[in-house]
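Just so you know, we're using this note's numbering here: the sequence shown kicks off at 173 and counts up by one.
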Amino acid sequence: MVTAIVMIKAETGLIPETAAALAALDGISEVYSVTGEWDLIAIARVQAHEDLADLIPGRLNKVHGVLRTETHTAFRAYSDVDLDAAFALGLE
């Protein structure tokens, strides 16, 4: 699994719509609206690096409202949180 963090500058009046469209893309697991230089941050999770080439420039950058992106590929994840267990709560 390859994880990338994508910072996104979006058209100001279209941030909610842009975020929803990004979240609907296969390969995007989460989209956050944030403060600071960037308007949105998307978390991409794909099987291979080549899949990022399809996802980021091929689909994500073409979403209406996306003006500019900057992508950072993750090398390792460091966390004390078991996310799978946290998201599984209440599913029994």
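Built from N, CA and C at the ideal position, the CB exists for glycine as well.
Based on the DSSP output, what are the partners of residue i in its beta bridges?
i	result
residue 245	176
residue 200	216
residue 181	240
residue 251	Residue 251 is not bridged to any residue.
Between residue i and residue j, how many whole angstroms is the CB-CB distance? I'm expecting something under 8 Å.
i	j	result
residue 265	residue 213	The chain is shown from 173 up to 264; residue 265 falls before or after that span and cannot be answered.
residue 201	residue 217	5 Å
Give me, in chain order, the residues of the same chain whose beta-carbon lies closer than 6 Å to that of residue i; leave out the 5 immediate sequence neighbours on both sides.
i	result
residue 244	177
residue 179	210, 213 and 242
residue 175	217 and 246
Spatial neighbours of residue i within its chain, please: C-beta separation below 7 Å, excluding the five flanking residues on both sides.
i	result
residue 189	237
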